[in-house]
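Here the structure comes first, spelled out in structure tokens, and everything after it is commentary.
In UniProt numbering, the protein residues as written are 1 to 450.
Written as structure tokens, this is what we have:
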């Protein structure tokens with residue numbers, strides 16, 4: 001009954017809302033016939049906290065009788081109120097709606113008004129309906145969030161490789177997130193700080209620690225387990241650090257000493273804001289939350305999805321996560337790491353200059369020179385290293401191990417079973433990759449902030 005109730009709402013009331021709220025659809029109605037509105041739930045698209053439906057509509061123009069097909073992806077929250085509270089769904093989903101409803105439209109208007117040659121049309125899918133904090137008795141007895149967006153598969157956007165990306169993919173991701181970040185800088189430098197501040201004030205803080213207590217509890221649990229796993233491996237396999245310098249070993253030892261049992265305190269430090277470098281972030285920027293468009297097998301464009309962990313903070317939070325998560329260790333060498341950072345910075349400066357009409361050597365851009373940006377980023381890049389260390393065991397595990405991990409996440413992440421599986425999932429390859437991430441971070445000065 002509950003399922004039928006939800007399906008009826010999504011195929012009737014939600015459809016009417018979509019048609020009313022989009023100017024180019026207001027003269028259309030569903031074509032008569034049973035096949036004019038179809039709701040399916042594709043496997044593999046939903047996440048830990050959401051269900052994603054595909055809504056296919058056959059529309060007819062009221063005057064011309066011409067018809068067209070519209071395919072949307074509809075994202076709704078999972079779970080009862082207790083699950084949503086514990087998983088912070090009541091923070092994550094409203095923040096995502098805010099990005100689509102206020103942040104991105106403001107950035108798009110900023111670019112249009114400036115006349116800058118920046119195409120933001122593929123920054124994210126077109127949004128047809130976005131609402132949070134809504135109560136619709138016809139759907140449920142809970143407070144709900146609805147997001148209806150363009151199904152971009154028909155435009156050629158598809159998932160990329162599952163985990164490891166090559167240089168063309170990585171540089172596309174670096175340039176696209178640079179366009180997002182550039183809009184925050186352009187507002188600040190271009191004399192519209194109040195406009196930026198208004199957008200920032202809409203973001204519900206997503207802290208790791210709040211009022212002295214753990215706030216993001218599910219993350220804290222996984223952080224602690226994966227730190228336990230990593231440092232246990234380093235202690236029982238001293239050869240893993242045999243080829244690194246004494247300085248690197250000392251930095252890793254300091255990390256364990258200060259944050260080995262309380263990693264959320266380290267992550268909270270990484271959320272520090274300032275009036276020079278902080279930007280509105282994607283917040284969960286990695287391959288899982290983007291789609292690529294290909295031509296002859298080569299990636300040509302990338303589109304961002306899932307802004308649920310959107311924050312305001314250092315651009316390092318976005319950059320460091322996808323670089324440590326999706327850049328295989330062998331790609332870090334021979335200048336590979338620097339090439340991705342250079343691609344990001346080049347596009348960032350291009351976009352800021354295009355929007356603000358400043359020259360690259362303008363004194364207002366001095367804090368954003370390549371060397372100045374690198375010094376800033378180095379203070380926060382440990383963030384992405386830790387987030388990647390958190391997720392890599394799941395990404396590199398067997399299918400059966402992933403099923404166990406997901407089961408515990410949905411039922412009780414505090415249960416001993418979750419810790420037991422996460423300490424061993426993926427085996428030696430996971431331990432080796434986590435170690436490489438940590439060594440790389442130490443060698444590049446990303447632990448110096450300790």
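Even glycine gets a Cβ: it sits at the ideal position worked out from N, Cα and C.
By the 16-neighbour rule on beta-carbons within 10 angstroms, residue 210 is exposed. Comparing C-alpha distances from residue 302 to each of 63, 179 and 128 shows the shortest one belongs to 179. Taking the Cα positions, residue 308 is about 36 Å away from residue 250.
Here residue 111 is buried: its Cβ has 16 or more other Cβ atoms, across all protein chains shown, within 10 Å. The three-state secondary structure of residue 272, taken from DSSP, is coil. Annotation for residue 417: the continuous alpha helix (DSSP H) segment containing it runs 416 to 422. Under the 10 Å beta carbon count, residue 160 is surrounded by 16 or more other beta carbons and is classified as buried. Between residue 90 and residue 216, the C-beta gap is not smaller than 9 Å, which leaves the two residues out of contact.
Here residue 138 is exposed: its Cβ has fewer than 16 other Cβ atoms, across all protein chains shown, within 10 Å.
Here residue 60 is actually not in contact with residue 20; their C-beta atoms are around 16 Å apart, not less than 8 Å. Assignment of residue 71 by DSSP, reduced to helix, strand and coil, places it in the strand class.
Look at residue 89 here: in three-state DSSP terms it is helix. Out of 10, 394, 2 and 432, the CA that lies nearest to the CA of residue 238 is found in 432. Here the C-alpha atom of residue 419 lies approximately 39 Å from the C-alpha atom of residue 345. When beta bridges are read from the DSSP output, residue 293 appears opposite 157 and 301. Residue pairing by DSSP places residue 58 opposite 69 in a beta bridge. Between residue 386 and residue 271 the beta-carbon gap is near 12 Å, outside 8 Å, which marks them as no contact. Measuring C-alpha to C-alpha distances from residue 67 to each of 252, 36, 311 and 49 identifies 36 as the nearest.
Under DSSP, residue 148 shares a beta bridge with 74 and 129. Between residue 347 and residue 130, the C-beta gap is not smaller than 9 Å, which leaves the two residues out of contact. Secondary-structure assignment with DSSP links residue 210 through a beta bridge to 213. The continuous stretches of alpha helix (DSSP H) do not include residue 29, which lies in the beta strand (DSSP E) extending over residues 28 to 30. In the three-state reduction of the DSSP assignment, residue 124 falls in the coil class. In the same chain as residue 404, and ignoring 5 residues on each side of it, the C-beta atoms closer than 6 Å to its own belong to 421, in chain order.
Residue environment analysis places residue 153 among the exposed positions, since fewer than 16 neighbouring C-beta atoms fall within 10 angstroms of its C-beta. DSSP lists 77 as the bridge partner or partners of residue 50. The residue among 411, 312 and 319 with its C-alpha nearest the C-alpha of residue 177 is 319. A check of alpha carbon separations from residue 7 across 52, 47, 434 and 48 identifies 52 as the nearest.
With a contact defined as Cβ atoms closer than 8 Å, residue 255 and residue 450 qualify at about 6 Å. DSSP lists 57 as the beta-bridge partner residues of residue 37. In the three-state reduction of the DSSP assignment, residue 136 falls in the coil class, being assigned neither a helical nor a strand state. Ranked by Cα distance from residue 356, the first of 202, 190 and 388 is 190. Assignment of residue 446 by DSSP, reduced to helix, strand and coil, places it in the coil class.
DSSP places residue 342 in the uninterrupted alpha helix (DSSP H) bounded by 336 to 356. Residue range 167 to 189 is occupied by the alpha helix (DSSP H) that includes residue 181. Counting only residues of its own chain and dropping the five nearest sequence neighbours on each side, residue 69 has a CB closer than 6 Å to the CB of 58.
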